[in-house]
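Residue numbers (our numbering): 16 to 305. For each residue, glycine too, the CB sits at the ideal point set by N, CA and C. Just so it is clear, the structure is predicted and the values come from calculations on it, not from any experiment. The next block holds one structure in the form of structure tokens; read it before the comments.
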Amino acid sequence: MALLFLTVMAYHWVLMHGVREGWPVVGSMARLAVQDEQAQRERFMRANIDAMARKLGDMQARVLQLESLGERVRGLAGLPASEVQSLPGRGGMLVAGRSLGLDELNAALDDLVAITGRRTDLMTVAESRLFDQHIRKHLIPTQVPVRDTAVGSPFGWRIDPFTGQSALHTGLDFSAGTGTPIVAAAGGVVIAQEYHPAYGNMVEIDHGSQLVTRYAHASKTLVKAGDIVRRGQKIAEVGSTGRSTGPHLHFEVWVQGVPQDPQKFLFAGEPAPMPHALTGRAAMGHLAHR
């Protein structure tokens with residue numbers, strides 16, 4: 016062991032002395048050792064850069080898939096193409112590849128970060144738009160308020176059952192037995208729960224955008240002013256209170272203070288129409304249910 020140690024020390028001393036003295040053979044050996052170490056570092060760096068470039072290629076391919084998905088989501092959300100900055104088209108003839116430099120790799124990564132940022136912004140806007148559409152859909156009165164029952168008097172002019180004169184019927188009647196559940200036609204906030212001489216026990220729900228539904232002649236109401244109700248929630252039970260000839264639900268839809276035909280909403284699921292102003296005769300006639 017002592018001999019081996021002395022041999023190593025002697026070799027190290029000769030090598031260092033030869034480098035200091037400039038011996039040609041020793042200098043060449045030292046330069047070769049340094050060059051070999053540099054070559055190893057370069058090969059290691061190149062291998063890592065190539066691996067990163069391959070990962071970058073995979074990420075770019077996934078971003079292109081995300082772009083395609085984003086276009087479909089944009090269409091579903093109803094976002095105009097002008098609001099979306101699309102990725103430039105890519106393609107062309109396949110040629111022999113070359114290794115990317117570090118600067119090129121950094122530039123490509125910066126581009127990818129910018130692109131994914133734009134895609135994230137698009138998805139955020141689309142999600143917000145779709146959520147808004149989902150909320151609006153549940154705030155439009157398309158749920159029939161009394162299930163499995165026949166429609167009675169429709170919206171429009173009719174002979175008033177009490178006076179025998181022509182009068183505007185401002186709602187839609189559903190014939191049903193006393194105690195039959197009445198559900199909210201859409202989500203909203205209860206703004207009135209009271210007894211009215213004409214409507215009897217009634218509930219009014221505000222659905223936003225100046226759209227209100229009214230449920231009249233109930234035998235019992237189950238909500239109070241200020242309650243938040245969801246679409247399809249039971250809010251009352253059918254009765255014959257107020258100005259009524261028998262058990263039924265009188266259902267009204269009002270837009271901007273003007274009564275609308277509920278069938279436009281219940282049986283077509285259309286967005287709220289612009290209200291048609293009542294004539295003087297209509298305004299007087301609709302008092303039959305006031």
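Thinking LEU264 and ILE197 are a contact (beta carbons under 8 Å), I'd like their distance in whole angstroms, please. 6 Å
Out of curiosity, what's the CA-to-CA distance linking ALA222 and TRP269? Sequence check: residue 222 is His here, not Ala. If you take the alpha carbons of HIS222 and TRP269, they lie about 10 Å apart.
Meets three-Cβ-pair contact criterion under 8 Å: the stretch 121–134 and the stretch 172–183: no
Once DSSP output is grouped into helix, strand and coil, what is the label at ARG56? helix
The stretch 251–265 touching the stretch 182–198, judged by at least three CB pairs closer than 8 Å: yes
Helix, strand or coil, according to DSSP, for ILE155 in the structure here? It is coil, neither helix nor strand.
Does the separation of the CB atoms of VAL253 and GLY202 fall below 8 Å? At least 8 Å separates the beta-carbon of VAL253 from that of GLY202.
In this structure, how does DSSP classify ASP118 when only helix, strand and coil are distinguished? helix
Can you have a look at ALA240 and say buried or exposed, based on whether 16 or more other CB atoms are within 10 angstroms of its CB? exposed
Just to check my reading of the structure: GLN75 and LEU127 have Cβ atoms closer than 8 Å, yes? What is that Cβ distance to the nearest angstrom? 6 Å
Measure the Cβ-Cβ separation of GLY215 and SER259 and say whether it is below 8 Å. yes
Quick check on the burial criterion: 16 or more other C-beta atoms within 10 angstroms. Buried or exposed for ARG89? buried
Could you pull the start and end residues of the beta strand (DSSP E) that LEU94 belongs to? First-last for LEU94: undefined, no H or E at that position.
Per-residue DSSP class, three states only, for THR236: strand
Counting only runs of 3+ residues fully inside the stretch 150–218, write out the beta strand (DSSP E) ranges in chain order. 171–174, 181–184, 187–190, 196–198, 203–211
Closest Cα partner of ALA182 within the set LEU84, PHE189, ASP188, PHE170: PHE170
Using 8 Å as the threshold, is the C-beta distance between PRO160 and TYR210 below it? Not a contact, by the Cβ cut-off of 8 Å.
In whole angstroms, what is the alpha-carbon distance linking ALA68 and PHE280? 57 Å
Between the CA atoms of GLN271 and GLU86 - distance to the nearest angstrom: 36 Å
Thinking just about the alpha-carbon of each residue, which of GLY179, PRO212, VAL238 is nearest to the one in ALA199? VAL238
Mapping the DSSP letters down to three states, classify ARG228 as helix, strand or coil. In the sequence on display, residue 228 carries Thr and not Arg. Residue state, collapsed to three classes: strand.
From GLN53 to ILE130, what distance separates their C-alpha atoms? 37 Å
Would you call the CB atoms of LEU120 and LEU71 closer than 8 Å? yes
On the CB-based measure, 16 or more other CB atoms within 10 Å of its CB, does THR185 come out buried or exposed? buried
Determine the burial state of PHE59: buried for a count of at least 16 other Cβ atoms within 10 Å of its Cβ, exposed for fewer. exposed
Among the residues of its own chain, which have a CB less than 7 Å from the CB of ARG77, if the five just before and after it don't count? none
According to DSSP, what are the bridge partners of VAL244? GLY203
So LEU187 and PRO277 are in contact, right, with Cβ under 8 Å, and what is the actual spacing, rounded? 4 Å
Considering only their Cβ atoms, is the gap separating ILE250 from VAL227 smaller than 8 Å? At a Cβ-Cβ threshold of 8 Å, VAL227 and ILE250 do not count as neighbours.
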